[in-house]
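J.:
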Amino acid sequence: MDISPVIIAPLDWGMGHFTRSAMKVRECLAVGHKVYVAVEERGEKYFRSVFGDRIEYLYLPGYGVTYSRWGVVWGIMWSLPHMWRAYKVERKLAEKWAEEINPSRMFSDHRYGFWVKRRFTVFMTHQLYLPVPWYLGFLNKIHHYLIKEFTFISVYDREEEPRYAGKLSREAWSGRYPIITYSGLASQFHLSFFEGEEDIPMYDILILLSGPEPQRTILENKLIKVFNPEKDFKVGIVRGTDKPLEIKAEFDSYDLPQEAFLGQLLRQCSLVICRSGYSTIMDLLGMGKTPIFIPTPGQWEQEYLAKHMKKHFNAPWIPERRVRIIRFVATNFLRFRYNNMITGLS
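When you line the sequence shown up against this note's numbering, it's residues 226 to 571, in that order.
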C-alpha cells in the first residue's frame with residue numbers, strides 16, 4: 226500500500242471543481258495515500274463536509290473570478306490582475322509545499338500555477354481548447370503555454386466520438402506537450418448511495434445552481450420568481466451557497482447539502498433545471514437524468530456545451546433571457562411524461 230503524501234488543488238470556480246476533485250481524493254485514500262487538499266475557505270468547508278479529518282487542509286487563495294453584469298469580457302479583464310497575483314502566490318506555495326511535504330504526486334484541477342519542476346504533476350481538465358471569440362484567441366495560447374509545464378494532462382472525457390465535451394477535449398496543439406490521458410466521466414455520486422432506495426420522485430422539478438457570482442444569484446432570483454408559487458408540481462432548489470436568499474422561495478431550498486443527500490435528491494427527481502457546467506453534465510449523464518440547461522450568459526464554454534448536448538444527446542436548453550418560458554417548458558414536459566407513464570400502465 227502506497228502511504229506517500231499527495232496534494233490536490235481544485236480551482237475555486239463553482240462547486241464542480243470541488244466535487245470532481247473529491248473523486249481524486251477518494252482514489253488516493255483508497256490506495257493509502259496521505260491526502261492534502263489545497264483550497265480557500267469555501268473549498269475547505271465543502272471538503273470537510275465530505276471527508277472530515279481524514280485529509281489535511283492547506284490554505285490556497287482563490288483566483289477570485291467574477292462575472293460582470295455587463296458581460297463576461299469585462300469580468301475577465303477586471304479579474305486578470307487579481308488572477309495574475311493569485312498565480313504567483315500559487316507558484317510560491319506549490320514550491321514551498323513540495324519541499325515541506327515531499328508529495329509523490331501533485332494534482333491540479335485547472336490551477337495553472339500548481340506545478341513544480343522535477344515533480345510528478347497532473348493537470349486535470351476537460352478543456353484542451355477554450356471556445357472563445359476570435360478576438361480573445363490569445364487566451365488559448367496562454368492556456369497551452371501554462372499547462373505544458375505539467376507532467377501529465379488528465380482529461381475528463383472519452384476519446385471516441387461524440388465526446389461529452391465536444392471539441393473542448395480534443396488536442397489543439399502540436400510539438401512538445403505533456404502526455405494526455407482520457408479518464409472518462411468523473412461523477413461525485415456513487416451507486417452505493419442509492420442501494421435499497423425506491424425510485425419515487427421526491428421533487429418533480431429540482432433546480433440545481435452553482436458557479437461564480439453575481440450570475441448565480443441573478444438566475445436564482447429569476448427562477449424563484451418564475452416558480453413562486455407552483456401548485457401543480459413539487460419544486461426544490463439546491464442553491465450552492467450559504468448566503469441568505471434575496472427573494473423568499475415558496476418551495477423547499479437547500480444551501481449546501483451533503484453529497485449523499487444531494488445524490489438522493491437528483492436521483493429521485495423527474496426533471497433538473499441547471500447551468501450547463503461540465504461537472505453538472507457529468508453527474509447527470511452518470512445518473513441518466515433529464516435536464517433543461519440554462520447556460521451562464523456570456524460564458525462561451527457553457528453556451529457551447531448546451532448546444533453540443535442538444536445536438537448529440539437530445540438535452541434541451543433555454544437562454545437566460547427567455548427564462549420566463551421555463552415554467553411552461555418544464556410543466557409540459559412533466560405532463561407529457563406522466564401521461565405516458567399512465568398510458569403504459571393501462
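The C-beta atom is built at its ideal place from N, Cα and C for all residues, glycine as well.
Tell me which same chain residues have a C-beta within less than 6 Å of the C-beta of L530, skipping the five on either side of it?
T.: For L530, where only same-chain residues beyond five positions count, the Cβ hits under 6 Å are S501.
J.: Spatial neighbours of M507 within its chain, please: C-beta separation below 8 Å, excluding the five flanking residues on both sides.
T.: Excluding residues within five positions, the ones whose Cβ falls inside 8 Å are R245, Y381, Y389, L410, A411, S412.
J.: Give me the Cβ distance between A555 and I430, rounded to the nearest whole Å; I'm assuming they're in contact under 8 Å.
T.: Right, their Cβ atoms sit about 6 Å apart.
J.: Are the stretch 227-240 and the stretch 322-340 touching, with three or more C-beta to C-beta distances below 8 Å?
T.: Touching, yes, given that three or more Cβ pairs across the two stretches are closer than 8 Å.
J.: Hey, out of I443, H368, P235, P482, whose CA is closest to D334's CA?
T.: D334 has its Cα closest to that of P235, out of I443, H368, P235, P482.
J.: To the nearest whole angstrom, what separates the beta carbons of W340 and L283, a pair I think is in contact under 8 Å?
T.: That pair is no contact at about 16 Å.
J.: Tell me which same chain residues have a C-beta within less than 7 Å of the C-beta of V275, skipping the five on either side of it?
T.: Around V275: A247, E484.
J.: Buried or exposed for R441, please, with buried defined as at least 16 other CB atoms from any protein chain shown within 10 angstroms of its CB.
T.: When all chains shown are included, R441 counts as buried.
J.: Where does F345 fall in DSSP's three states?
T.: It is coil, neither helix nor strand.
J.: Buried or exposed: Y370, going by 16 or more other Cβ atoms within 10 Å of its Cβ?
T.: Exposed.
J.: Can you give me the Cβ contacts of P459 inside the same chain, cut-off strictly under 7 Å, excluding the 5 residues immediately before and after it?
T.: Reading the sequence as shown, one finds Lys at residue 459 and not Pro. Closer than 7 Å at the Cβ level, and outside the excluded window around K459, lie Y428, D429.
J.: List the whole-angstrom C-beta distance separating L285 from L254, where the pair is believed to meet the contact cut-off of C-beta under 8 Å.
T.: Contact doesn't hold; Cβ gap of about 20 Å is too wide.
J.: Suppose you measure from the CA of L559 to the CA of E526; what does that come to, to the nearest Å?
T.: Rounded to whole angstroms, L559 to E526 spans 28 Å at the Cα level.
J.: Do C499 and L393 have their C-beta atoms closer together than 8 Å?
T.: Cβ atoms of C499 and L393: not closer than 8 Å.
J.: Terminal residues of the continuous beta strand (DSSP E) containing K259?
T.: First-last of the beta strand (DSSP E) with K259: 259-264.
J.: Ordered along the chain, which non-local residues of its own chain (more than five positions away) have a Cβ less than 6 Å from that of I326?
T.: Hits under 6 Å: P230.
J.: Please state whether the Cβ-Cβ distance between N446 and A474 is less than 8 Å.
T.: Not closer than 8 Å, so no.
J.: Please report the distance separating the alpha-carbon of Y503 from that of Q352.
T.: Using only the alpha carbons, I get a separation of about 10 Å.
J.: Rounded to whole angstroms, what's the CA-CA distance from G461 to E266? Just pull it up for me.
T.: Computed Cα separation, rounded: 27 Å.
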